[in-house]
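**Student:**
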Amino acid sequence: MPTGTGEEKPYLYTDTEDLKMVADYSGLNFNECLELDCYTYKTLVKDAFIHKMRQTEKGSEYLEDCWLLQQTKPDIKKLKEIFGEVKKEND
Numbered sequence: 002m003p004t005g006t007g008e009e010k011p012y013l014y015t016d017t018e019d020l021k022m023v024a025d026y027s028g029l030n031f032n033e034c035l036e037l038d039c040y041t042y043k044t045l046v047k048d049a050f051i052h053k054m055r056q057t058e059k060g061s062e063y064l065e066d067c068w069l070l071q072q073t074k075p076d077i078k079k080l081k082e083i084f085g086e087v088k089k090e091n092d
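Numbers in the numbering used here are just positions in the sequence shown, counted from 1, shifted up by 1.
Written out as structure tokens, the structure is:
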């Protein structure tokens, strides 16, 4: 499902992949999915994708990598475990 990796083959691309994924995940038919407001639809796409990825170990690793890439603050506790306490020198 991830796109933009440069590994996509044009003949394998489907126009309704996300619609099918939402329909399977939610139990709605295609027409009901198309009638959803865009916020609900996008939320279902995200949830269906996460659900699909969690079905395999490789998918779970991918989700973990995505989560790690979103982190903007350092894990101070983990850094101290790895590198120890940093002592500040007095000037």
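Glycine is no exception: its CB is placed at the ideal position from the N, C-alpha and C atoms.
#1: Quick check: LEU64 and ILE51, are their CB atoms within less than 8 Å of each other?
#2: Taking only the alpha-carbon atoms, compute the straight-line gap between TYR79 and ASP48 and give it to the nearest angstrom.
#3: Can you tell me where the alpha helix (DSSP H) holding LEU29 begins and where it ends?
#4: Are the Cβ atoms of ASP25 and VAL46 separated by less than 8 Å?
#5: The alpha helix (DSSP H) that contains LEU70, what's its start and end?
#6: Quick one: is VAL23 buried, meaning 16 or more other Cβ sit within 10 Å of its Cβ, or exposed?
#7: Nearest to LYS21 by alpha carbon, out of GLU33, GLN71, TYR12 and ASP76?
**Tutor:** According to the structure shown:
#1: Counting from one through the sequence shown, the residue named residue 64 turns up at place 63. Counting from one through the sequence shown, the residue named residue 51 turns up at place 50. LEU64 is a Cβ neighbour of ILE51, given a cutoff of 8 Å.
#2: The sequence position of residue 79 within the sequence shown is 78, counting from 1. The sequence position of residue 48 within the sequence shown is 47, counting from 1. According to the sequence as given, residue 79 is Lys; it is not Tyr. The alpha-carbon atoms of LYS79 and ASP48 are separated by roughly 29 Å.
#3: Residue 29 sits at position 28 when you count from the first residue of the sequence shown. No alpha helix (DSSP H) contains LEU29, which DSSP labels as neither H nor E.
#4: Translated into the one-based positions of the sequence shown, residue 25 becomes position 24. Translated into the one-based positions of the sequence shown, residue 46 becomes position 45. ASP25 places its beta carbon 8 Å or farther from that of VAL46.
#5: Along the sequence shown, read from residue 1 onward, the residue named residue 70 stands at position 69. In this chain, the alpha helix (DSSP H) harbouring LEU70 covers 58-71.
#6: Within the sequence shown, residue 23 is the residue found at index 22, counting from 1. With 16 or more other Cβ atoms within 10 Å, it is buried.
#7: Translated into the one-based positions of the sequence shown, residue 21 becomes position 20. Looking at the Cα atoms, GLU33 is the closest of the given residues.
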